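K.L.:
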Amino acid sequence: MHTLHSRRIIACEDPPPPGEEIGRSRRGRPILAYRIGDGPLRVSLIGGCHADEPVGPRFLGRLVRFLAGPSGSELRRAATWSVIPHVNPDGAKRNAAWQTPGAERYDFVSYLRHRVRELPGDDIEFGFPRGEDDLGARPENRAAWEFWRAGAPYHLHASMHGMSVAAGPYFLVERSWWPRLGEMADALTREVEGAGYSLHDVQRHGEKGFHRLGRGFCSRPDSRAMRRHFLDLEDPGTAARFRPSSMEAVRSLSGDTLTLVTEMPLFITPGVGAELGPPDPVLVRWRERIAGWEARIRGAGSREEAEVRGEVERAGLAAMPVRDQMRFQWAFIRAGLGQ
Numbered sequence: 017m018h019t020l021h022s023r024r025i026i027a028c029e030d031p032p033p034p035g036e037e038i039g040r041s042r043r044g045r046p047i048l049a050y051r052i053g054d055g056p057l058r059v060s061l062i063g064g065c066h067a068d069e070p071v072g073p074r075f076l077g078r079l080v081r082f083l084a085g086p087s088g089s090e091l092r093r094a095a096t097w098s099v100i101p102h103v104n105p106d107g108a109k110r111n112a113a114w115q116t117p118g119a120e121r122y123d124f125v126s127y128l129r130h131r132v133r134e135l136p137g138d139d140i141e142f143g144f145p146r147g148e149d150d151l152g153a154r155p156e157n158r159a160a161w162e163f164w165r166a167g168a169p170y171h172l173h174a175s176m177h178g179m180s181v182a183a184g185p186y187f188l189v190e191r192s193w194w195p196r197l198g199e200m201a202d203a204l205t206r207e208v209e210g211a212g213y214s215l216h217d218v219q220r221h222g223e224k225g226f227h228r229l230g231r232g233f234c235s236r237p238d239s240r241a242m243r244r245h246f247l248d249l250e251d252p253g254t255a256a257r258f259r260p261s262s263m264e265a266v267r268s269l270s271g272d273t274l275t276l277v278t279e280m281p282l283f284i285t286p287g288v289g290a291e292l293g294p295p296d297p298v299l300v301r302w303r304e305r306i307a308g309w310e311a312r313i314r315g316a317g318s319r320e321e322a323e324v325r326g327e328v329e330r331a332g333l334a335a336m337p338v339r340d341q342m343r344f345q346w347a348f349i350r351a352g353l354g355q
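For our numbering, count along the sequence shown from 1 and bump the result up by 16.
#1: By the three-class DSSP mapping on this structure, what secondary structure does F187 have?
#2: If you drop the 5 nearest sequence neighbours on each side, which residues of the same chain put their C-beta closer than 7 Å to that of R343?
#3: Give me the Cα-Cα distance between D54 and S239, rounded to the nearest whole angstrom.
#4: Please report the distance separating the alpha-carbon of C28 from that of P46.
#5: Where does E250 land, buried or exposed, given buried means 16+ other C-beta within 10 angstroms?
#6: So, is L151 buried or exposed, given that buried needs 16 or more other C-beta atoms within 10 angstroms?
#7: Taking the straight line between their C-alpha atoms, what separation do you get for G332 and A182?
#8: What runs of the beta strand (DSSP E), each 3 residues or longer, lie entirely inside the stretch 129-209?
#9: Can you list, in chain order, the residues of its chain with a C-beta nearer than 8 Å to that of G271? Leave out the 5 residues immediately preceding and following it.
#10: Who are the near neighbours of P286 in its chain, counting only those whose CB is closer than 7 Å to its CB and skipping five residues on each side?
#11: Suppose the cutoff is 6 Å on Cβ atoms and the five residues either side in sequence are ignored; what does the same chain contact list for P105 look like?
#12: Identify which residue in L204, L269, G222 has its Cα closest to the Cα of L215.
#13: Who are the Cβ neighbours of P136 in its own chain at under 6 Å, not counting the five residues just before and after it?
#14: Among E141, V208, D149, A153, which one has its Cα closest to the Cα of M176?
#15: Closest to L48 by C-alpha separation, out of G317, R257, E156, P281, would be which residue?
#16: Roughly how many whole angstroms lie between the Cα atoms of R236 and G118?
#17: Per DSSP, what kind of secondary structure is L276 in: helix, strand or coil?
#18: Confirm, please, whether the CB-CB distance from L79 to R92 is below 8 Å.
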């Protein structure tokens, strides 16, 4: 998987190929998926599980166009690609006010004013069927699961996610695979730092399934750990709503699949990770400051927005370019394919 593919994929503006409608959202919007290529590696990619994380779907849309075009022949021979670019069209509609089409960066003030995110227990990432007879899952999740089931097994599955703020790119991997990924992690670290970014690095001691594996690398979350977290908070109602994640669902259909979660920040918060914690004191201060800005912006006028925008700029918070987010998403997928 040649490194130059990243530039060509990101720049791809070919017309999108016709997708397969695999189902409809809660509000009746179509969910499109693609099965492209006939190579021996079987790869599953999904974006949009969280409605306020737009870069994954944008990248997967470009990847699908690249794969289907004349330049994608090498990747079509290498793998069979099963791609759901956006599993959450209702969420995209609700966030459209700040997710400017084709934006090179996202505006922080607009993001704070207009972002919408599903509550824990209702987000799509942790809503996939527990099995064939689990009819209580959201229609988006049922559609994706049936699509995966028809194409299983898979060697690699990646769920394209993002973060509102972080020190830099953050990579989540299947914990049991970590001992086999040393060279991959080193190569990703060099690429990120060579581009002038820091890796996001936090210590959560297994909370919700997050175990720090190395600087900038963590295990992917787990639905059982999520349920335990909310039971510990004496919230059994929310705990009961958690179903398998996309990573767990694909592994249930495939066996020992390598699963990856890309976490790219929309906005970079300098200084996070210098002290891992928990809690990271710099991250706590950033979150408190951001909560204050959001409270001021919601329902405020243009004058208040201008004042907050000036404070954000002086504080050093900066939007991460979308092209760089896409570049590291592909670098992570490419590194996984190399295993």
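Where is the CB? At the ideal position from N, CA and C, for every residue including glycine.
Here the structure is a predicted model, which means the values were calculated and not measured.
P.N.:
By the coordinates alone:
#1: strand
#2: S22, I26
#3: 32 Å
#4: 23 Å
#5: exposed
#6: exposed
#7: 13 Å
#8: 172-182, 186-189
#9: P169
#10: G332
#11: S41, R45
#12: L204
#13: T254
#14: E141
#15: E156
#16: 29 Å
#17: strand
#18: no
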